[in-house]
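Visitor:
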Amino acid sequence: MNSHFRPVGGPILTGTFLVSAAIFIVSVAILIWRFIVGLGPTTAMNDLYPWGIWITYDVVVGTALACGGYAVALLCYVLNKGKYHHLIRPAILTSALGYSLAGVSVIIDLGRYWNVWKVPLLWNWNRNSILLEVAICIMTYVVVLWIELAPAFLEKWEEDAPWQWLRNLSLKIHPWLNRILIPLLALGILLPTMHQSSLGSMMLIAVHKLHKLWHTPMLPLLFLLSCIVMGYAAVVFETALADKVFKLPRETKLLAPLSVVMVVVLFAFLAVRVGDLALRGRLGLIFRFDFYSFMFLLEMALFVIPAVLLIFRRFRYNPGVEFLCAMMMMTAGLLYRFDAFLVGFKPAPNAAYFPSIPEMFVTLGLVAFEVMAYLFIVKIFPILGGVTHAAPRTGHGGVGVPASGG
Amino acid sequence: MEKEEERDTLLSRLESRGVTRRDFLRVCSIAAAAVGLPPWTVAKMAEAATLKSRPSVIWLHFQECTGCTETLLRTSHPALSELLLNLISLDYHETLFAAAGANAEDALREAMRKNSGKYVLVVEGSIPTKDNGAFCKVGGKTAMEIVREVAPEAGAIIAIGSCASWGGVASADPNPTGATGLPQLLRTADYAPILKGKPIVSLPGCPPNPYNLLGTVLQYATLGTLPALDALGRPMFAYARTIHEDCPRRPHFDAGRFVEKFGDPNHRVGYCLYKTGCKGPKTLASCSQQHFAEVVGAWPVGIGHPCIGCTEQSVAFRIPLHATVEIDRPTPPDTFAPIHAERGAVSPAAAGVAGLVAGALAGAGLVAARKLGKDAAAKEGEEKEEGK
Amino acid sequence: MSVTRRTVLKGMAAAAATSVTGVPKALARERKKPPAGAVGMLYDATRCIGCKACMVKCKEANQLPPDPGGKMGAIYDAPDDLTGYTKNVIKLYREGDRISYMKAQCMHCVDPACVSVCMIGAFRKDKQGVVTYDPGMCVGCRYCMMACPFNVPKYQWDVAFPKIVKCEMCRHLLAEGKLPACVEACPREAVIFGKLEDLKADARNRLAAEPGRYFPKVYGETDGGGTQVLYLSAAGIPFEKLGLPDIGDQPLPELSETLQHAVYQGFVAPIVLYGALGLVIYRNRKRQSSEEEGDK
Numbered sequence: 000m001n002s003h004f005r006p007v008g009g010p011i012l013t014g015t016f017l018v019s020a021a022i023f024i025v026s027v028a029i030l031i032w033r034f035i036v037g038l039g040p041t042t043a044m045n046d047l048y049p050w051g052i053w054i055t056y057d058v059v060v061g062t063a064l065a066c067g068g069y070a071v072a073l074l075c076y077v078l079n080k081g082k083y084h085h086l087i088r089p090a091i092l093t094s095a096l097g098y099s100l101a102g103v104s105v106i107i108d109l110g111r112y113w114n115v116w117k118v119p120l121l122w123n124w125n126r127n128s129i130l131l132e133v134a135i136c137i138m139t140y141v142v143v144l145w146i147e148l149a150p151a152f153l154e155k156w157e158e159d160a161p162w163q164w165l166r167n168l169s170l171k172i173h174p175w176l177n178r179i180l181i182p183l184l185a186l187g188i189l190l191p192t193m194h195q196s197s198l199g200s201m202m203l204i205a206v207h208k209l210h211k212l213w214h215t216p217m218l219p220l221l222f223l224l225s226c227i228v229m230g231y232a233a234v235v236f237e238t239a240l241a242d243k244v245f246k247l248p249r250e251t252k253l254l255a256p257l258s259v260v261m262v263v264v265l266f267a268f269l270a271v272r273v274g275d276l277a278l279r280g281r282l283g284l285i286f287r288f289d290f291y292s293f294m295f296l297l298e299m300a301l302f303v304i305p306a307v308l309l310i311f312r313r314f315r316y317n318p319g320v321e322f323l324c325a326m327m328m329m330t331a332g333l334l335y336r337f338d339a340f341l342v343g344f345k346p347a348p349n350a351a352y353f354p355s356i357p358e359m360f361v362t363l364g365l366v367a368f369e370v371m372a373y374l375f376i377v378k379i380f381p382i383l384g385g386v387t388h389a390a391p392r393t394g395h396g397g398v399g400v401p402a403s404g405g
Numbered sequence: 000m001e002k003e004e005e006r007d008t009l010l011s012r013l014e015s016r017g018v019t020r021r022d023f024l025r026v027c028s029i030a031a032a033a034v035g036l037p038p039w040t041v042a043k044m045a046e047a048a049t050l051k052s053r054p055s056v057i058w059l060h061f062q063e064c065t066g067c068t069e070t071l072l073r074t075s076h077p078a079l080s081e082l083l084l085n086l087i088s089l090d091y092h093e094t095l096f097a098a099a100g101a102n103a104e105d106a107l108r109e110a111m112r113k114n115s116g117k118y119v120l121v122v123e124g125s126i127p128t129k130d131n132g133a134f135c136k137v138g139g140k141t142a143m144e145i146v147r148e149v150a151p152e153a154g155a156i157i158a159i160g161s162c163a164s165w166g167g168v169a170s171a172d173p174n175p176t177g178a179t180g181l182p183q184l185l186r187t188a189d190y191a192p193i194l195k196g197k198p199i200v201s202l203p204g205c206p207p208n209p210y211n212l213l214g215t216v217l218q219y220a221t222l223g224t225l226p227a228l229d230a231l232g233r234p235m236f237a238y239a240r241t242i243h244e245d246c247p248r249r250p251h252f253d254a255g256r257f258v259e260k261f262g263d264p265n266h267r268v269g270y271c272l273y274k275t276g277c278k279g280p281k282t283l284a285s286c287s288q289q290h291f292a293e294v295v296g297a298w299p300v301g302i303g304h305p306c307i308g309c310t311e312q313s314v315a316f317r318i319p320l321h322a323t324v325e326i327d328r329p330t331p332p333d334t335f336a337p338i339h340a341e342r343g344a345v346s347p348a349a350a351g352v353a354g355l356v357a358g359a360l361a362g363a364g365l366v367a368a369r370k371l372g373k374d375a376a377a378k379e380g381e382e383k384e385e386g387k
Numbered sequence: 000m001s002v003t004r005r006t007v008l009k010g011m012a013a014a015a016a017t018s019v020t021g022v023p024k025a026l027a028r029e030r031k032k033p034p035a036g037a038v039g040m041l042y043d044a045t046r047c048i049g050c051k052a053c054m055v056k057c058k059e060a061n062q063l064p065p066d067p068g069g070k071m072g073a074i075y076d077a078p079d080d081l082t083g084y085t086k087n088v089i090k091l092y093r094e095g096d097r098i099s100y101m102k103a104q105c106m107h108c109v110d111p112a113c114v115s116v117c118m119i120g121a122f123r124k125d126k127q128g129v130v131t132y133d134p135g136m137c138v139g140c141r142y143c144m145m146a147c148p149f150n151v152p153k154y155q156w157d158v159a160f161p162k163i164v165k166c167e168m169c170r171h172l173l174a175e176g177k178l179p180a181c182v183e184a185c186p187r188e189a190v191i192f193g194k195l196e197d198l199k200a201d202a203r204n205r206l207a208a209e210p211g212r213y214f215p216k217v218y219g220e221t222d223g224g225g226t227q228v229l230y231l232s233a234a235g236i237p238f239e240k241l242g243l244p245d246i247g248d249q250p251l252p253e254l255s256e257t258l259q260h261a262v263y264q265g266f267v268a269p270i271v272l273y274g275a276l277g278l279v280i281y282r283n284r285k286r287q288s289s290e291e292e293g294d295k
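Chains as they are written, first to last, in numbering that gives the first Met the number 0: chain A, 0 to 405; chain B, 0 to 387; chain C, 0 to 295.
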């Protein structure tokens with residue numbers, strides 16, 4: 000077994016797990032209802048806003064937040080920063096869960112989901128469709144992620160499997176994995192580069208329906224840059240949280256340099272964003288102080304504040320500030336995507352959209368499921384690195400961190 | 000010169016009354032137009048009038064109120080009804096006959112014998128089938144027996160009125176007499192041999208619009224054919240469209256102007272009666288186009304009462320008078336779509352929930368950040384202590 | 000540990016070079032023209048009387064159920080826009096005393112955005128240029144609804160097995176040599192059907208013959224790359240007021256397809272990038288394992 004990674008251990012049915020489970024069960028009930036009555040009664044989507052938060056959050060934002068695996072893979076395998084190696088498994092786990100749930104969200108959002116098996120069939124492809132490329136890329140990437148994560152499962156099952164056949168199978172498969180490792184890792188970097196930029200390209204077609212502050216040919220580049228920022232921010236966020244919750248040693252010195260990467264990419268993003276607006280003569284729109292102008296300024300604030308703060312070493316090495324900046328960057332990326340898909344999208348006068356409560360509950364439920372799956376897997380399988388679990392605290396979540404717990 | 004057998008033709012009869020051929024042709028064209036026959040039939044009519052013998056009509060009454068006969072008599076334009084009563088030879092009609100009793104019976108038998116295979120049998124009223132049809136007897140015979148006697152040698156059969164067409168009011172639940180319409184009776188196994196492929200025309204209505212009969216008979220008498228019939232045997236010229244389609248009050252319906260209660264101001268100005276239970280949308284009949292008694296507006300809706308659907312077996316005497324019906328083929332009302340329709344709204348409840356969730360997450364994040372900062376400061380403090 | 004920045008930059012430069020060489024070929028996306036047998040419709044708003052016979056006939060010919068609106072329920076067919084049950088709707092524009100009617104339906108664009116974005120080709124353009132919908136290939140992703148600049152495709156939100164719905168120019172009737180139902184029904188020939196070139200000529204003739212009657216433009220001649228359903232508006236009523244947006248002359252798919260194909264043409268750039276990444280990762284791992292051995 001890899002000396003770095005260990006199962007965290009501890010009770011599965013903690014407070015956080017149970018609360019998440021409750022939310023998830025309610026969302027399943029809503030989903031059953033959705034499949035019986037259709038999208039109309041369950042969501043607030045309408046003919047002028049055919050895409051709601053199930054696409055915008057679950058797929059577009061969700062996959063970007065799940066780009067931690069992509070970010071750390073770039074660090075470890077391309078830039079060869081081996082000291083981040085132990086971050087790779089939790090990052091890949093979050094990515095695998097995030098992307099898988101994005102896939103589930105697509106299925107529940109599709110109106111004629113029974114035809115979805117026709118999409119991967121090559122001869123049906125309309126190669127002009129950017130959504131097709133996103134779909135195929137994401138489908139493939141989900142498989143790649145779970146295969147990349149497989150060593151964690153195989154290691155555990157080789158030592159301690161509930162059934163003998165599973166142990167034998169694991170022993171057989173594991174050497175194969177090592178052989179396909181490099182092509183797999185390369186794919187794991189190529190695919191997100193492709194589809195995260197293409198997620199931005201998807202809105203290129205809405206030339207006249209997307210507000211000029213967001214519609215630009217630079218959309219694919221902007222989405223790619225912001226997803227890299229969000230990926231690193233997600234890693235900082237999750238690592239800090241997991242270390243705190245599972246009582247692992249703090250990794251301030253490790254995470255701080257990541258902030259440098261975030262700052263550099265952030266400034267690149269801002270340069271392209273503002274520069275592109277300037278080149279197109281659209282800077283005036285920023286200062287109209289109408290609804291769109293305010294959303295843009297909010298976005299910018301959430302991008303600029305952490306970019307500036309993290310220039311200073313003092314703040315980079317302050318875990319509190321770093322954590323807050325990571326949250327701000329994730330929120331900024333979320334807001335940017337919401338603006339580009341929903342808020343800045345005005346197909347006609349008299350059109351509006353705000354998600355319905357059942358719709359929001361389903362999104363929350365899927366995130367809750369992610370939390371449950373993450374907790375379950377890190378406790379059973381060797382995902383997190385460093386020290387083993389300290390004496391378990393029965394029942395409730397970790398101290399002072401209400402959003403999750405061990 | 001040989002004396003030609005005086006032919007009993009219409010023209011000869013009219014000429015004997017001083018009606019010239021020209022007058023006759025003029026009236027023919029009016030009559031043809033009134034019942035929707037095309038102009039070229041006028042010439043045929045003239046031909047028939049001069050050449051053909053008048054077809055014999057035998058009119059039987061069963062379980063009826065005589066409303067169908069009465070409505071025919073209420074065609075107040077004398078030339079028209081007289082024309083047709085002269086266009087045909089009404090050889091048996093219990094209401095209009097002066098004769099009675101055995102004389103009447105003899106007239107019936109004589110007419111049947113003389114015109115065997117050619118007479119038009121018109122039936123008014125439903126035929127009871129329970130208890131061997133004992134509920135209706137004329138001259139000691141049940142209605143069913145009379146049908147058995149008279150129907151086989153008819154050339155064409157017309158069931159006039161809803162009672163004869165499908166049972167009418169007598170057939171309303173619980174139908175104690177087993178009242179049934181003539182076509183339904185003649186299509187049972189027992190009577191099928193009698194029917195022998197003879198055409199049966201149904202002219203439902205309670206009472207039916209007299210012009211439906213007049214048109215049918217006019218065509219038969221002059222052209223020798225019956226008008227195009229629908230699946231229930233009703234002439235398409237009168238029963239192909241619903242009352243709703245041609246109703247004079249339709250613009251009020253389309254504009255949403257309805258009578259809410261009888262006697263209210265809307266009723267006084269003549270708004271649409273849909274909400275008071277008008278069965279127009281479900282009723283195929285010609286009343287909205289061709290009113291009764293040759294008076295414009297002399298039909299139920301015209302005088303302010305909703306149509307009761309008297310021609311339709313599924314509607315009349317079944318659906319309550321003032322219960323509304325579904326519209327089978329809704330059409331656009333008298334309003335227009337705007338250039339930009341409204342779609343979607345921000346629900347305050349949802350916005351509230353979203354705000355709460357976002358706030359909770361932000362708050363949790365801030366708390367976590369502070370905690371991490373504090374822990375780090377504490378740890379730094381520890382390390383400094385150790386370093387000392 | 001030696002820095003691999005050099006290798007990374009080398010690899011990326013290689014990828015960039017290959018993708019840039021691919022660009023000139025990709026940017027040459029030719030502007031699409033209407034097909035040879037292109038048919039279309041011409042709607043003259045000045046001739047329309049708002050009778051809505053076309054709406055009734057469209058429902059009949061396409062076997063669509065009524066769209067009840069308002070409080071009275073299903074006694075009217077009262078859509079307020081195109082919907083999952085309405086392929087054709089007459090809208091009213093009113094400004095003070097001026098009114099104009101507007102027949103809203105699929106524009107059957109020459110270079111349709113919906114056809115460009117549809118993943119597995121549920122939307123296609125047929126030989127006559129009619130934009131057709133095949134529910135058998137539709138997954139209900141609703142990208143077409145996001146893409147269409149006229150907001151034409153509509154969705155059946157309230158059923159478990161929904162379809163996308165839009166005018167298909169009664170192609171089942173066209174196949175029998177008949178006219179689209181709305182054209183057949185119109186009592187004033189406000190909407191007519193015919194070969195696209197003939198309709199364009201007819202429209203221009205009308206503008207020339209009665210310039211005081213019309214707004215001086217035939218909408219759809221070049222808008223969005225051209226549409227096969229053309230519009231004429233009354234003098235003094237610009238098309239925006241009727242809900243027909245000013246979308247310029249560039250077809251919508253031009254931007255997205257050009258950018259997409261610039262990067263992905265022949266799949267060269269991804270493959271090169273993949274190769275570069277593989278190389279870098281391989282060399283990094285070799286360096287790492289040799290370092291580890293060196294440490295031992």
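Virtual Cβ for every residue (Gly too), placed ideally from N, Cα, C. Source: prediction; values computed, not measured.
Tell me the residue span of the beta strand (DSSP E) that contains residue 193/C.
Guide: 190-194
Visitor: Return the first residue and the last residue of the alpha helix (DSSP H) that residue 300/C is part of.
Guide: This structure cannot speak to residue 300/C, because chain C is shown only from 0 to 295.
Visitor: Could you run through the region 142-155 of chain C and flag, in chain order, every residue whose CB is less than 8 Å away from some CB of chain A?
Guide: For the region 142-155 of chain C, which is checked against every Cβ of chain A, the residues closer than 8 Å are 142, 144, 145, 146, 148, 150, 153, 154 and 155.
Visitor: Thinking just about the alpha-carbon of each residue, which of 304/B, 70/B and 363/B is nearest to the one in residue 159/B?
Guide: 70/B
Visitor: With DSSP collapsed to three states, give me the class of residue 123/C.
Guide: Reduced to three states, the DSSP call for residue 123/C is strand.
Visitor: When burial is assigned at 16 or more other CB atoms within 10 Å of the CB, is residue 148/A buried or exposed?
Guide: buried
Visitor: Does the region 222-237 of chain C come into contact with the region 36-54 of chain C, if we say contact requires no fewer than three beta-carbon pairs (one atom in each stretch) closer than 8 Å?
Guide: Yes, the region 222-237 of chain C is in contact with the region 36-54 of chain C.
Visitor: What does DSSP give as the partner residues of residue 213/C in its beta bridges?
Guide: 233/C
Visitor: Would you list the one or two residues that DSSP bridges to residue 11/B?
Guide: According to DSSP, residue 11/B bridges with nothing at all.
Visitor: How far does the alpha helix (DSSP H) with residue 219/B in it reach, from first residue to last?
Guide: For residue 219/B, the enclosing alpha helix (DSSP H) has its first and last residue at 209-222.
Visitor: Run through the region 224-283 of chain C for me and flag every whole beta strand (DSSP E) of 3 or more residues, listed as ranges in chain order.
Guide: 228-231
Visitor: Note down, in chain order, every chain C residue with its Cβ under 7 Å from the Cβ of residue 334/B.
Guide: 77
Visitor: Taking 8 Å as the threshold (C-beta atoms), are residue 378/A and residue 11/A in contact?
Guide: Yes, they are a contact pair.
Visitor: Mapping DSSP to helix, strand and coil, what is residue 5/A?
Guide: strand
Visitor: Go ahead and label residue 23/C buried or exposed: buried means 16 or more other beta carbons lie within 10 angstroms of its beta carbon, across all protein chains shown.
Guide: Caution applies to residue 23/C, whose pLDDT of 45 falls short of 50 and renders its modelled position unreliable; the value that the coordinates give is listed next. By the neighbour-count rule (16 or more Cβ atoms within 10 Å), residue 23/C is not buried but exposed.
Visitor: What first and last residue would you give for the beta strand (DSSP E) that runs through residue 149/B?
Guide: Counting along the chain, residue 149/B falls outside any beta strand (DSSP E), though it belongs to the alpha helix (DSSP H) covering 142-149.
Visitor: Note down, one range per segment and in chain order, each alpha helix (DSSP H) of at least 4 residues found wholly within the region 65-104 of chain A.
Guide: 67-72
Visitor: Can we say the region 80-97 of chain A touches the region 166-174 of chain A, given the rule of at least three CB pairs closer than 8 Å?
Guide: no
Visitor: Using a Cβ cut-off of 8 Å (strictly closer), state whether residue 231/C contacts chain B.
Guide: no
Visitor: Could you tell me the alpha carbon to alpha carbon distance between residue 5/B and residue 319/B, rounded to whole angstroms?
Guide: Residue placement at residue 5/B cannot be trusted, given a pLDDT of 49 that sits under 50; the coordinates are not used to answer.
Visitor: Determine the direct distance from the alpha carbon of residue 144/A to that of residue 92/A, and round the result to whole angstroms.
Guide: Distance between the alpha carbons of residue 92/A and residue 144/A: 8 Å.
Visitor: Can you find the residues in the same chain that come closer than 7 Å, C-beta to C-beta, to residue 239/C, ignoring five residues on each side of it along the sequence?
Guide: 245
Visitor: With a 10 Å radius around its C-beta and 16 neighbouring C-beta atoms as the bar for buried, classify residue 293/A as buried or exposed.
Guide: exposed
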